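Letter by letter, the sequence shown follows residues 1 to 501 of this note's numbering.
Ideal Cβ placement from N, Cα and C applies to all residues, glycine included.
No experiment lies behind these values; they were computed from the predicted model shown.
Accompanying notes for the structure given below.
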Amino acid sequence: MAPVIELRGIDKSFESVHANQDVSLVVRAGTIHGVVGENGAGKSTLMGILYGYYRADRGEMLVRGRAVAFRSAQDALAAGIGMVHQHFMLVEPFTVLENVVLGLEGGFRLGAGMARARAELARLGREYHLEVDPDARVADLGVGQRQRVEILKALYRGADLLILDEPTAVLTPQEADHLFQILRALRAQGKTVLLITHKLREIREATDVVTVMRQGRVVATQPTAATTPEQLAEMMVGRAVTLRVDKTPCRPGEPLLEVTDLVVEDGLGVERVKGVSFTVRRGEIVGVAGVAGNGQSELLEALAGMRPVKSGGLRWKSHDLDAAEPRGVRRLGVCHVPEDRQRLGLIIPFVARESAILGYQGESKYNGVIRLRRKAIASSWASQAAEYDIRPADGLLPTSAFSGGNQQKIVLARELDRNPDLLLVGQPTRGVDIGAIEFIHRRLVALRDAGRAVLVVSVELDEILALADRILVMHDGRIVGDVAQANATEQTIGLMMAGVG
């Protein structure tokens with residue numbers, strides 16, 4: 001049988017950025033084929049060519065043995081290729097059913113078309129373990145459910161090859177495990193999956209074959225079973241990568257932040273943080289573990305001054321804090337890396353070097369009498385791009401032109417450059433490649449070793465276990481455990497996260 005997809009000598013440049021260089025790729029039917037690489041390795045550009053978003057400058061693309069030249073996503077869909085994007089393409093006020101049929105409503109008699117779509121949606125849900133309430137509003141669905149809707153959309157349009165671009169970047173570990181079950185069900189039904197990721201665990205658990213990209217080129221394609229995590233990491237980065245966090249035992253000092261009986265509500269007035277008390281000291285990394293939705297996000301936002309405190313006390317360096325707002329919190333020496341970088345950490349249409357000073361644009365370093373000091377902003381960006389390996393290094397590109405991992409580096413560089421006494425960081429390595437994860441972890445440990453403190457919230461339990469000196473476990477808005485790293489195991493922390501023990 002001819003391969004489902006064959007790419008031959010694909011080349012693509014965006015002005016000075018050579019995104020794909022002589023890339024060849026063969027994808028066989030009925031397989032889950034992984035494509036891994038660092039942020040900026042060219043994975044998403046290659047998938048954009050395959051899905052009709054971009055035209056290759058050179059090279060040839062074959063679908064089931066026939067040469068094609070897609071001019072749009074509609075051409076790709078007509079050829080049986082569907083794509084689920086990292087940031088979902090859904091209309092939030094619409095229902096699941098309305099999103100699935102959007103653009104394929106079935107002619108003038110809308111009711112008849114919707115009835116057929118409802119029946120087909122039920123069949124697809126049963127067959128591929130993708131059950132979702134067709135009448136639920138997308139705005140009311142969790143991230144994992146929204147991803148199912150995206151997959152259903154592609155299947156409803158007849159996709160035989162499904163491209164998933166960084167599908168677990170916004171998922172909890174439990175949701176990611178369920179996604180892998182769905183992918184295996186798709187494979188069992190004869191579908192083909194292209195899984196674009198940088199997470200080695202996903203490659204090992206989900207794929208049959210893996211292609212490694214680095215700096216726009218394919219460096220290897222191998223059966224997944226014939227690889228090791230260390231080999232894949234080295235091929236991705238071009239050097240040996242430490243897959244563990246190297247750090248000495250912490251030496252906690254004086255209390256910096258003391259939280260007493262803190263209560264925080266969400267936007268609907270529902271209590272999400274329920275009488276939480278803890279202390280963060282100099283020279284330690286405190287991790288907050290918990291299944292998403294158990295109050296961690298609201299806690300972090302309240303500490304950063306972004307969400308009002310209903311009751312309870314906050315003390316900073318032994319002084320009581322009254323109601324604070326983000327600017328005042330920053331002036332105390334507290335910096336914040338929010339969980340949602342696109343919604344809270346960046347202004348996507350701004351050029352990158354403007355995003356890199358957000359929150360600090362009023363400082364005299366950047367703000368002149370009449371206008372911003374452009375040379376100072378450019379100089380600051382150049383040093384951050386070099387130190388944090390932000391790619392591309394062109395600060396005049398819009399922030400939207402950067403991959404998710406490089407957007408995360410922009411936020412981290414901005415906050416870490418202030419050398420804060422306390423860094424509040426949510427999901428520090430969400431959507432970040434293996435080389436950058438190693439770099440970010442080193443920077444957080446270096447901040448701790450310099451006598452500062454870090455409070456980190458992460459749904460990646462492996463990350464919390466490796467990085468934190470002390471682990472606070474949250475369940476249903478309360479702290480149900482305060483465990484030293486030496487006494488923490490995945491089983492004990494996992495049970496606490498589930499509200500057991």
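Next on the checklist: What would DSSP say about GLY82, mapped onto helix, strand or coil?
Outcome noted: In the structure shown, GLY82 adopts extended strand secondary structure according to DSSP, grouped into three states.
Next on the checklist: Tell me the rounded alpha-carbon separation between GLY52 and GLU301.
Outcome noted: Across the structure, GLY52 and GLU301 are spaced so that their CA atoms are roughly 40 Å apart.
Next on the checklist: In whole angstroms, give me the CA-to-CA distance for VAL288 and LYS317.
Outcome noted: Taking the Cα positions, VAL288 is about 21 Å away from LYS317.
Item to check | HIS87: first and last residue of the uninterrupted beta strand (DSSP E) it sits in | outcome: First-last for HIS87: undefined, no H or E at that position.
Checklist entry - Who are the Cβ neighbours of ALA413 in its own chain at under 6 Å, not counting the five residues just before and after it? => result Excluding residues within five positions, the ones whose Cβ falls inside 6 Å are GLN384, TYR388.
Item to check | Validate contact between the region 302–315 and the region 323–332 using beta carbons, cut 8 Å, 3 pairs | outcome: Here the region 302–315 lies against the region 323–332, with 3 or more beta-carbon pairs under 8 Å apart.
Next on the checklist: Contact defined as beta carbons within less than 8 Å: I believe LEU162 pairs with ILE151. What is the distance between those atoms, to the nearest angstrom?
Outcome noted: Between the beta-carbon of LEU162 and that of ILE151 there is about 7 Å, and that keeps the pair under the 8 Å contact cut.
Item to check | Counted within 10 angstroms of its Cβ, other Cβ atoms place ASP261 as buried (16 or more) or exposed | outcome: Counting Cβ neighbours within 10 Å, ASP261 comes out exposed, since fewer than 16 surround it.
Item to check | Unbroken alpha helix (DSSP H) run spanning MET61, endpoints | outcome: Unbroken run through MET61 is the beta strand (DSSP E), 58–63; no alpha helix (DSSP H).
Checklist entry - What's the C-alpha gap between ILE10 and LEU46? => result About 8 Å.
Next on the checklist: Does any residue of chain C have a CB that is nearer than 7 Å to the CB of GLU127?
Outcome noted: No chain C appears in this structure, which consists of one protein chain only.
Checklist entry - Assuming SER13 contacts ASP75 under a Cβ cut-off of 8 Å, what Cβ separation, rounded to an integer in Å, is found between them? => result Incorrect: roughly 22 Å between the Cβ atoms, too far for contact.
Checklist entry - Are the beta-carbon atoms of ALA136 and VAL100 separated by less than 7 Å? => result Against a cut-off of 7 Å, the Cβ pair of VAL100 and ALA136 comes out as no contact.
Next on the checklist: Pairs of beta-carbons, one from the region 439–453 and one from the region 352–366, closer than 8 Å: are there three or more?
Outcome noted: Under the Cβ criterion (8 Å, minimum of three pairs), the region 439–453 does not count as touching the region 352–366.
Item to check | Helix, strand or coil at GLY34 [DSSP, three-state] | outcome: Residue state, collapsed to three classes: strand.
Checklist entry - Using DSSP with H/G/I as helix, E/B as strand and the rest coil, what is LEU262? => result Correct three-state label for LEU262: strand.
Checklist entry - Can you tell me whether DSSP reads SER379 as helix, strand or coil? => result In this structure, SER379 counts as helix in the three-state DSSP scheme.
Next on the checklist: Looking only at its chain, what residues have a beta carbon closer than 6 Å to the beta carbon of GLY405, apart from the 5 residues adjacent to it on each side?
Outcome noted: If you ignore the 5 residues before and after GLY405, its C-beta comes within less than 6 Å of the C-beta of ASN39, GLY431, VAL432, ASP433, ALA436, all in its own chain and listed in chain order.
Checklist entry - Can you name, in chain order, every residue of its own chain whose Cβ lies under 7 Å from the Cβ of GLY158, other than the five neighbours on each side? => result For GLY158, where only same-chain residues beyond five positions count, the Cβ hits under 7 Å are GLY80.
Next on the checklist: For the structure I just gave you, are there three or more beta carbon pairs, one from the region 224–238 and one from the region 257–273, closer than 8 Å?
Outcome noted: Fewer than three beta-carbon pairs drawn from the region 224–238 and the region 257–273 are found closer than 8 Å, and the two stretches are therefore not classed as touching.
Checklist entry - Should ALA19 be labelled buried (16 or more other beta-carbon atoms within 10 Å of its own) or exposed? => result The C-beta of ALA19 has 16 or more other C-beta atoms within 10 Å across all chains shown, which makes the residue buried.
Checklist entry - In chain order, what residues of the same chain have a beta carbon less than 6 Å from the beta carbon of PRO249, not counting five sequence neighbours either side? => result Take PRO249, set aside five residues on each side of it, and no residue of its chain has a beta-carbon closer than 6 Å to its own.
Checklist entry - Who pairs with MET213 in a beta bridge, going by DSSP? => result GLY37, VAL218.
Next on the checklist: Under 8 Å: do the region 455–472 and the region 277–296 share three or more Cβ pairs, one atom per stretch?
Outcome noted: The region 455–472 vs the region 277–296: in contact.
Checklist entry - Count the other CB atoms within 10 Å of the CB of ILE49; is the residue buried (16 or more) or exposed (fewer)? => result Its Cβ being crowded by 16 or more others within 10 Å, ILE49 is buried.
Checklist entry - Do you know whose CA, among THR168, ARG217, GLN215, lies nearest ILE196's CA? => result Nearest to ILE196 by C-alpha distance, out of THR168, ARG217, GLN215, is THR168.
Checklist entry - Taking the DSSP output, what are the residues bridged to ASN406? => result Note: ASN406 sits in no beta bridge, so no partner.
Item to check | Counted within 10 angstroms of its Cβ, other Cβ atoms place THR242 as buried (16 or more) or exposed | outcome: The residue is exposed, with fewer than 16 neighbouring Cβ atoms inside 10 Å.
Next on the checklist: At a threshold of 6 Å, does VAL445 count as lining the ligand FMN (C-beta to nearest heavy atom)?
Outcome noted: Here there are no bound small molecules, and the ligand FMN is not part of this structure.
Checklist entry - What is the DSSP secondary structure of SER44, reduced to helix, strand or coil? => result Helix.
Item to check | For LEU461 and ALA117, the rounded distance between their alpha carbons | outcome: Straight-line Cα distance between these residues: approximately 39 Å.
Checklist entry - Do MET89 and GLY290 have their CB atoms nearer than 7 Å? => result Contact: no.
Next on the checklist: Tell me whether the region 16–31 and the region 175–186 touch, counting them as touching only if at least three CB pairs, one residue from each stretch, are closer than 8 Å.
Outcome noted: No, the region 16–31 does not touch the region 175–186.
Checklist entry - Span of the alpha helix (DSSP H) holding ASP11? => result ASP11 -> not in any alpha helix (DSSP H); beta strand (DSSP E) instead, spanning 5–14.
Item to check | Between the CA atoms of HIS198 and PHE449 - distance to the nearest angstrom | outcome: The amino acid occupying residue 449 in the given sequence is Asp; Phe does not appear at that position. So the two alpha carbons sit approximately 29 Å from each other.
Checklist entry - How about VAL280 and GLY295: are their beta carbons less than 7 Å apart? => result No, Cβ-Cβ distance for VAL280 and GLY295 is not below 7 Å.
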